[in-house]
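For reference, the structure discussed in these notes is given below.
Number of protein chains: 6
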Amino acid sequence: MVGMVLMPEVVALGESLVQFNAVTDGPLRHVTYFEKHATGSEANVCVALVRLGVSCGLITRLGTDEFGLFIYDWLRGEGVDVGHIRFDPERPTGIYFVQRNYPIPGVSDVLYYRRGSAASALSPDDVDPDYVGGARVFHTTGITMAISDTARSAALKGLEIARGKGIITSFDVNYRKKLWANIDDAINVLSKALGFADVVFLDEDEANLLLGVSAVDDVFRELRSRFGINRVVLKLGIKGSMAYWEGRVIKVNAFRVPVKDPIGAGDAYAGVFLASILRGHDVESAMRRASAAAAMVVMVRGDEENLPREDDLRRFLDGYGRQVDLR
Amino acid sequence: MVGMVLMPEVVALGESLVQFNAVTDGPLRHVTYFEKHATGSEANVCVALVRLGVSCGLITRLGTDEFGLFIYDWLRGEGVDVGHIRFDPERPTGIYFVQRNYPIPGVSDVLYYRRGSAASALSPDDVDPDYVGGARVFHTTGITMAISDTARSAALKGLEIARGKGIITSFDVNYRKKLWANIDDAINVLSKALGFADVVFLDEDEANLLLGVSAVDDVFRELRSRFGINRVVLKLGIKGSMAYWEGRVIKVNAFRVPVKDPIGAGDAYAGVFLASILRGHDVESAMRRASAAAAMVVMVRGDEENLPREDDLRRFLDGYGRQVDLR
Amino acid sequence: MVGMVLMPEVVALGESLVQFNAVTDGPLRHVTYFEKHATGSEANVCVALVRLGVSCGLITRLGTDEFGLFIYDWLRGEGVDVGHIRFDPERPTGIYFVQRNYPIPGVSDVLYYRRGSAASALSPDDVDPDYVGGARVFHTTGITMAISDTARSAALKGLEIARGKGIITSFDVNYRKKLWANIDDAINVLSKALGFADVVFLDEDEANLLLGVSAVDDVFRELRSRFGINRVVLKLGIKGSMAYWEGRVIKVNAFRVPVKDPIGAGDAYAGVFLASILRGHDVESAMRRASAAAAMVVMVRGDEENLPREDDLRRFLDGYGRQVDLR
Amino acid sequence: MVGMVLMPEVVALGESLVQFNAVTDGPLRHVTYFEKHATGSEANVCVALVRLGVSCGLITRLGTDEFGLFIYDWLRGEGVDVGHIRFDPERPTGIYFVQRNYPIPGVSDVLYYRRGSAASALSPDDVDPDYVGGARVFHTTGITMAISDTARSAALKGLEIARGKGIITSFDVNYRKKLWANIDDAINVLSKALGFADVVFLDEDEANLLLGVSAVDDVFRELRSRFGINRVVLKLGIKGSMAYWEGRVIKVNAFRVPVKDPIGAGDAYAGVFLASILRGHDVESAMRRASAAAAMVVMVRGDEENLPREDDLRRFLDGYGRQVDLR
Amino acid sequence: MVGMVLMPEVVALGESLVQFNAVTDGPLRHVTYFEKHATGSEANVCVALVRLGVSCGLITRLGTDEFGLFIYDWLRGEGVDVGHIRFDPERPTGIYFVQRNYPIPGVSDVLYYRRGSAASALSPDDVDPDYVGGARVFHTTGITMAISDTARSAALKGLEIARGKGIITSFDVNYRKKLWANIDDAINVLSKALGFADVVFLDEDEANLLLGVSAVDDVFRELRSRFGINRVVLKLGIKGSMAYWEGRVIKVNAFRVPVKDPIGAGDAYAGVFLASILRGHDVESAMRRASAAAAMVVMVRGDEENLPREDDLRRFLDGYGRQVDLR
Amino acid sequence: MVGMVLMPEVVALGESLVQFNAVTDGPLRHVTYFEKHATGSEANVCVALVRLGVSCGLITRLGTDEFGLFIYDWLRGEGVDVGHIRFDPERPTGIYFVQRNYPIPGVSDVLYYRRGSAASALSPDDVDPDYVGGARVFHTTGITMAISDTARSAALKGLEIARGKGIITSFDVNYRKKLWANIDDAINVLSKALGFADVVFLDEDEANLLLGVSAVDDVFRELRSRFGINRVVLKLGIKGSMAYWEGRVIKVNAFRVPVKDPIGAGDAYAGVFLASILRGHDVESAMRRASAAAAMVVMVRGDEENLPREDDLRRFLDGYGRQVDLR
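Chains as they are written, first to last, in my numbering: chain L, 1 to 327; chain F, 1001 to 1327; chain C, 2001 to 2327; chain W, 3001 to 3327; chain V, 4001 to 4327; chain R, 5001 to 5327.
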C-alpha cells in the first residue's frame, strides 16, 4: 500500500457491518429488494468525523469475504484510517437487515446475522497502545461491549489506555437489547464502561436502564455523582437533546424532517458533536450541528451517505425552515 | 393436494384481482413501471382474518392464466382456504391499475380491466350451503353486487343461506361508481343486500347514497329503522370511525400516518374488526385495532402485505405516537 | 413531416434540457441511478399551455444527438409546435443533474452541463418575425438572457418584435446565479428585459436583486413606476402568491403537498396562469389554478409529467383538502 | 391543435395497444415488475416508416383513459399522423402482458386484455376515403381482421378503397390463434383479405394454414395462382426471409443477435421493407434492411424503441459481424 | 389452520433458506441490490414435485423471524405440505448470498449465513415415523448431512425408517465443500448415507470424491458393487446426464439455454425426475423431462420460480429448438 | 488527512470521468435510467494495478463538485494514491453517457460532456518530477493527448521526465475520433508520443492510422524501425492479442464471454499486463492474464468493478471453459 499511517485525532473501536436495507416498506416477508450499505456505530462516527475534516481511525476486524472488502474500501474511500483493521479468514463479516416503517411508522426494525462475525473476535491484541495513545479522543459504544467477551475486553483496554494517557474517552451507551443475554449483564458491563468515560451519549431509556432515572436533572446528577462524568449528552428524540457540560445545562431542539430510516441518527450526532468540539465550537453550537446531522441522515436509507461535509452542514443550518414546506 | 378441507370460521365471497400499482406517482401516461399485487375486497378481508388467526375461506372464480395462479398461490400461502375457488378456462382473471397521488394528493385512482372476468361468472352454483353453513360469519360486499348479475345472485344466496342458518352476515357497502350502470340500480341492489345484513360497514358518502342522510345519528337510526340493523360501523376517514353496536355508540380516532396508497384501508378495517370481535375483543378495542390495521396498510403499495399479525398489531398500538416524528 | 405549421397562440423562446434526476435522495456522490426527463423553463411553460388546450410553439436549438431527439419527440408528442426548433450538429444538447433533499430538505440542487450547448447558440436568426407576430403572447425568461450573448439577443429580439406588434410579452425573471458571470450583469440585462415586459413573474429574492425592495407593495410600485409594468405576479413560496393586475392586488394561498422535487413549480405557475388568462379566467381564478399546478408538479421528479389537463386540474381543485391526511 | 393534416404516404389501420412487458423472465406469476410500452402491429409499422422518413398515418380508436393518451402522445411524438385517431369514452384502450423466455427460451407469450377495447369498435365510418386515397400504400394485418366484425369491415373497406384507387395494398397475415373463435373463420376471412392484397407478408405456419403448403415455391405459386399476388415476403425465422417479387425469387439471411423479446420483429420487417421500397431500394436491399431492423428490435423489450433511423440502420449493416463476439 | 394433514407421496428433509441473489453481475462488493428468493435443495425438490402434481411434504425448521415466515408461506402457497415444519424461536432462518458470473462466467458463488440456523437444529425428534412411513419416497441430500450433527442424525433416521418400511429412498449427494470441516468427514458420512439409498443423484466430481472414479461405467459399477445401488443418475453438466437403472444405461443430452444462475439445476433435475418416475414415465422420458426442467430454472435468478407445471414442461419439450436462435 | 504519500510503483496521468451507463439497451432517447460509474482510461489502469497489488498513483484534476468527490473517494477506496489529484473550483468533472447494443449489437456508443472539464485544464504544473521519478512505470494514453493542449503538454512532460530518468514509459494509443479536431492532428501528436514510449498498446485500426499498415508483422516492424519500440501489444479483438517483445512474437487467444459493455476492455488489458510484468510474469502469462481481465470487465456495465484481484484472476483462468455453457 501507498501511504504511511500517521496518528489520527480520533480512534474508534467497534464492529462495522453491512446493512441490507429494505427498498420497500413493510414486513420483510414481502420485501423483494434490499440495498447494501456500509454501517456500524463506531464506523459511522468515524465517517462523520472525517467528513468534517477530523482524522479518525477504526480498530475492527472484517471477514475476508466480499462484504469485508466492501467495508474496507468504503472506509478507505471516505478517508478513515484503515491501518488497524484486520481480516479474519475464518469468520464472516457481520450483516443485518432493516425493516422500515413496520409495524411502527417511523421506526426501523433490525434482523442481525452477526453472531460469530469477524468483529466478534476483536480482542485486546487488536488495540495498539501507541495508536490509541496518539489520538486526542478514543470512542467506543455499548454495542462493542455486547457482541462478545473478547470485543468487550478490547473496548475496555482501549478505554483504560486512553484514560491512562489523558486522552478523552467518549462512550455512547447504545443499548441493543437483542445483543445481550440478559439485562443484568448489560447493566453491569455498561456501568463498568461508564467508569472510564469522559464524554457520554445516552437517551432516556438507557438512562433509566443504567441509572434508574430518566428525568434530565436526575440523569445528569447520577452520572456525575456515581461515575464522576460531567460531560453528558442526553438525546430526547423529537424533543431534541440536552447536555450537561462541566456545570452548564444546554438544550437544543431537534430539526424536523421526513424520516426514511432513523437508524444512524445517534452516530451522526455523536460524530458531528465530537468533530465540532475538536474544531473549537462551543457546546451549544456542537449540539446544533450534531442535531442537524442526525436529521440529515434519517432522510435516507443507509447511515453514512448523508453525513455532512462542512459546507453542506452550514447550508442545512442556514436553509432549514426557509425551504418549501415538506407536508 | 394434501389436506382435507375443514370448516373455516369465516366464509367470504367476491372477486380477487391482480393490482398493478404505479411505482412512481402521477398520471399513468408517464408511469413506466408497475408492481403486481394480489387484492380484491373480500380477499383482503380473508387475509386480514387469517393473519390474526381466524380461519377464512374465499368463494371465487379465477382465470386459468398466470394471474389466476398467482392469486391462488398467494391466498393459499397466506393460509386462506382455497377449496372453494374455481378456475374458469374461458375468462381471464380480473385486473386493475392504480394511479397514485394524481390528480388529488393522497388519493388513488383505478383503471379496471375486469369486465367479463372469471369472477364475473360467479354464480349461485358456487355457493355450497354446507360450506357457508359451517362458518360463524359470512362476508361479502357491494362490489360483488355490482360486477355481474350472476355474481350478485351468488352473494345474495350466500347471505340468505347464512341468515337462514343463524350465521352472522357481514356486509361492506363498498359502492364503486365505475362498476354500476346507474345509481338507481346501485341503490336498489345494495338496499336489498342490507336487508340481509347483521353487521354493516359504510362511509358517509355511501350512507348518503343509500339512506339520504350522512349525519352519524341519522345513519344509525335509518339503518336500524329501515333495515333492522343494529351493528354498524361508519367510517369517517381521517376523523376516525363510529360504531352503533346493539344500542351503544362508540367513537375511535384514526391513526395518522404517511399515505402511499389508501386503497385497501376499508378492507383492513373490516377484516381486523371481524377478527377482533370473533376473538372476544369488545367493540371499542376491535375498532382501535381495525383503525390501526387500516393505517398500516395505507403506508405501502398493495392491500394485503401490511395486514398485521397479532404481534405486529400490538407493537403498532403500543408504539404509535412514541416514534420519531414523521414530518 | 405531415402537417403544415399554423400560428400558435403562444410562442416561447429558450433552452430545453434533459434533466437527470437522482432516484434516491442525498449527495450525488452516493446516488447510483438517475432518471431522465425533458425540461427547460420555457419548454415547461409550453407543455403547461398545450395541456390546457392553448397552442404553443417553442423556438430553440437542440443538439443532433439522442438527447436532442428525445426532447424533440417529447415536445412533439405533447403537441407543442416544433416547427421552429433547429438542430445543431456541432453542439450538444444541454443537460443537468438534480440532487434532491440535500443538504436542505425540500430543496433541490442542480449541476449543469449546458455551457456551449446547442441552445447557447440561439441567435436572432432563429426568431422569425412572422411566427412571433402571429401569436397572442410571447414568453421568455431570465435564463435565456443568461446562457449566452446570442441567446440574449434572440430573446430581446423576440420581445421587441412582440412589443412592436402589440403582442403581449410575458417575462419570468428566473434569476439563476450559477448562469451569470456576476450580479451586475444580471441586474443590467434583466432590467433591460423588464423594459419590454407586459406580464412579469418574479419572487421576493429576485425583486430584491432587481429593484432593491421585497415588500409586496414596494415591488409592485417599483415595477410600475420604473418599468411601467402593471401586470405582475409575485411568488411567495409557501405563503402563496400575489398579483398586481391593472390596479388590483390579489392574494392566493399555496396548496400544501408533499414535495419530491420543487424544480418546475414556477414554470407550471406561469404556464397555467397564462393559459387561464387566455381562456378567460379572471386573475384570481388564474392564480388559484396556477398554484394548483405548481403543487401538482412538485410531487414528482421531472417538471412536466404532472402538468395538469383541464379535467385533472378541476379534480385537484375540487378534491384538495378532502383527501386522506398526508402526514 | 397546431398543424393541418396533409396526406401521408402510407395509411395503416389497426389497433395500438399498451404492452406490459415482464421485467424479469419466467412465468408471470413470479414477475413483480412490468414495463409499459406502446405497441400494436400496424402502429409498429407506422413508426418504422416515419423513423426512415416516410410519412404515415394510423387509423385507430383509443380509450379516453391514460393508456389511450399515452399511445396518442407516443405516436404523435414519433411523427405519426394522428389526425384520424378517434377516442372512445366508453371502451378502454386494449392492453396485454408479455411473458418472456418461458416456457420456451427465446419465445414470448402474451396475455391479452383487449376484448371490447376501443379499437374493437373500429368501423367503416373510421375510414375516410380521401385519407386512404391520398396515400401511396395502405397497410393492415390479420389482427385487425380478427378483433371484431366492425374492425374487419373497416379493414376491408380500406383495402377496397385502396384497390379501387390504384393504391398499393399491403397485408401482413399475422395469424393470432388467441384472437379467432375458430380456424375456419380465420382461413375464410384472411383469404378474403388476400384477395385485395398487392404485397403480402407471411410465415411458413401461416402459409400452411391458408394455403395448405409451406415449401417456399409452393407458397409463392399458390399465392400467385389463387390470389394473383406477385409480391410476397415469406419470413423463415432464423433461416432468414425469401421474397417472390414480380417473377424474381430473392433470399436474404437473418442477422443473429441475442433475443430479449421477439415480439415486433415481423412489424419491423414489414415497416422497414415498405419504407425501403418506397425510397427506391431494390427488393434485396429492402429485405436486408428489413432483416436488420427485425434483429434490432428483438434485442430489447418493447416493439418500437429500437426501430432504426436511417443512420443507425446503416451503422448496423456496416458494423454487424465486426463487433466483439456476443457469446 | 384449515385443513387436516394427509400423507404426501414424497417426504423430504432438509434446510430451506432465503437466497439473496445479486441483481447485477460481478463481485458482491460492487453489487448494490439483492433479490430475495425461497430456496434450499430439498425444498426445491418439493416444489418441483408439487408443480407436477405429486404431493410432497418438507420436514424442516425455520426461525420465527420474517424470513422463516416468508419460506413457510411460500411453500404453503406452492402446495407443499408444511405440517411438519417447526419454528425455532432462538435460531435464525439460514440465508445466503449469490454472486453471479464472477469470477467465472456462467458460474455462481455463494456466501452462506447458515451456521447455527434453525435448520441446523433439526434433530431425529423432527422425524415422525408415521409421516415418513406414509410416503412412497423419502428424499434428502448431502447438504443435510453436512449442516450439523443433529441434522445428519435426522436425515439418517429418515433414511432408516424408509428403508425399514420399504419406501424408496432418494439421495442427492450434493457435496458442498464450504459446509464440511474436512473431506474425510464428508466421505465417511456421505458413504454412510449411500448405504441407505435406493436412488442416487451425483455428478462426476462427487463420484470421484466418494468412489475414487469418475468414468461413467466405473461410477455405476462401484455404486452397485459397494453399495448395492442400481438406480443412479450421473449428471454431466453440458454433456447431459446418464442413468444406470436396474441394469440399463441411458444417456440424455442437456438442453442448451442462456444461463443466468445455474444454482438449483440439480434440484430441478432430481425433483422432476422423481415426479416423472412416480407418474409412470420411463427412465429416459424422466431424464429428458428432468433435463428440461434443469434448463428452465437456470435461465432466471432464484431456484424455484421456473420449475415447470406439466403444461409448461410439455411446451418446452415441444418448442425447444424451434425458437428463434438465442445468440 | 491521515497518511503520508510514498512513491507508487506506477504513476499514470489522465482524465477520470463519471460514466452514466444506460440501464436498458437501445437508443438513449428511450433509456429512462442511467447507472453511475467511475471510469477514465488511466484511472482504469490504476485500479487494475492496485487490485493486483501494484501501487499506483493518478495525476489528474477533478471538479469541486459531487462527481469529482465521487471519483476521488472511489479511487482512494480502491487504494490508488490520490495525493497528486487537484480540484478545480471553476471547471466541472467530465462525464459521459454509454448507449449499449445499439445500433450495433455488442458495441457501445458514447456521448461525452467533457469539453472544458477540470481535467482538460491539466497542465505541466501538475506533473511533479519527483513523483514521476520515483516510479518504475509512467503510463498515459492518446486520450490525454487529445483532450486539450495543456493536458497534452502535461502528458509529454511526464513521458520526457520518465525517459530522462530511465523509467519505463507505457503508452496506450487509444485513438478517440470524437476528441480530435482532425485526423492529421491526431497522427502528428500520437506519433510524437510514440517517440517517448517503451511499451505500446494499440489495435489494428490505430496501427493503420499511425503507421499505414495493419498486418501484424508490418506493425511490429514499423514501430521498431520508425520509433525504436520493441515492446508492443497489438490487440486483435475477438482474435486475441499479439505481442512483439524484445525480438519475440507471442500470440494469445481471447476469452469468449457474453458482452454487456465492451468499454474498458483495453484498459483492463493494459493494467493487468503491466501489473503482471512488474510482478515477474513472462510476457505470454501476462498476456493471458490481461486477456482474462479484459473478458471479465466486458461482462458488466462499468469499467472497473470487475477488474480482478489475484485470487479471482486465477479462478477465472482455472475455471474458464469448464463452466456451464453460456449459450
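The beta carbon of each residue, even a glycine, is placed where N, CA and C say it ideally should be.
- Distance from the CA of V:W4074 to the CA of W:T3032, rounded to the nearest whole angstrom, comes to 15 Å.
- Taken through DSSP and simplified to helix, strand or coil, C:A2012 comes out as strand.
- Between V:A4292 and V:L4313, the beta carbon gap of about 6 Å places them in contact (Cβ cut-off 8 Å).
- When C-beta atoms of the region 2089-2108 of chain C are compared with those of the region 2124-2144 of chain C, fewer than three pairs fall below 8 Å, so the two segments do not count as touching.
- In the DSSP assignment, R:L5058 falls outside any alpha helix (DSSP H) and within the unbroken beta strand (DSSP E) covering 5056-5063.
- Taking every protein chain shown into account, the CB of R:E5304 has 16 or more other CB atoms within 10 angstroms, so this residue is buried.
- Only N1101, Y1102, P1103, I1104, P1105, G1106, V1107 from the region 1089-1108 of chain F bring a Cβ to less than 9 Å from some Cβ of chain C.
- Under the three-state reduction of DSSP output, R:H5281 falls in the coil class, being neither helix nor strand.
- Residues of the region 5020-5031 of chain R whose Cβ lies closer than 9 Å to any Cβ of chain C, in chain order: F5020, V5023, P5027, L5028, R5029, H5030, V5031.
- The residue from R:G5057, R:I5085, R:D5267, R:D5081 with its alpha-carbon nearest to that of R:G5068 is R:I5085.
- Segment contact: the region 3262-3269 of chain W against the region 3280-3298 of chain W, three or more CB-CB distances shorter than 8 Å; contact assigned.
- Identification of chain V residues near L:L69 by a Cβ-Cβ cut-off of 7 Å yields R4029, ordered along the chain.
- Annotation for R:Y5131: no beta strand (DSSP E) segment contains it, though the alpha helix (DSSP H) segment containing it runs 5129-5133.
- Interface with chain F (8 Å Cβ-Cβ cutoff): C:N2044 is excluded.
- Listed along chain R is no residue with a C-beta nearer than 8 Å to that of W:D3261; the closest approach is about 11 Å.
- L:V110 is the residue among L:D81, L:G26, L:K165, L:V110 whose C-alpha sits nearest the C-alpha of L:Q19.
- Taking C-beta separations shorter than 8 Å and ignoring five residues to either side along the sequence, the partners of C:G2053 in its chain run A2275, R2279, E2310, following chain order.
- In this structure C:G2083 is buried. Its beta-carbon is surrounded by 16 or more other beta-carbon atoms within 10 angstroms.
- Its chain contains no residue whose beta carbon lies nearer than 7 Å to that of V:N4188 once the 5 sequence neighbours on both sides are disregarded.
- Taking 8 Å as the Cβ-Cβ cut-off, the region 142-153 of chain L has no residue approaching chain C.
- Its chain contains M2007, P2008, E2009, V2010, V2011, G2057, A2162, I2167 as the residues whose beta carbon lies nearer than 8 Å to that of C:A2135, once the 5 sequence neighbours on both sides are disregarded; these appear in chain order.
- In terms of Cβ geometry, R:G5158 and R:T5141 do not form a close pair [threshold 8 Å].
- If you draw a straight line from the Cα of V:K4251 to the Cα of V:A4207, it comes to about 17 Å.
- The beta carbons of C:R2115 and C:D2088 sit no closer together than 8 Å.
- DSSP links V:W4074 through a beta bridge to no other residue.
- Unbroken alpha helix (DSSP H) runs of no fewer than 4 residues, entirely contained in the region 1211-1270 of chain F, are found at 1216-1227, following chain order.
- The continuous beta strand (DSSP E) containing L:T140 extends over residues 137-141.
- Assignment of V:D4203 by DSSP, reduced to helix, strand and coil, places it in the strand class.
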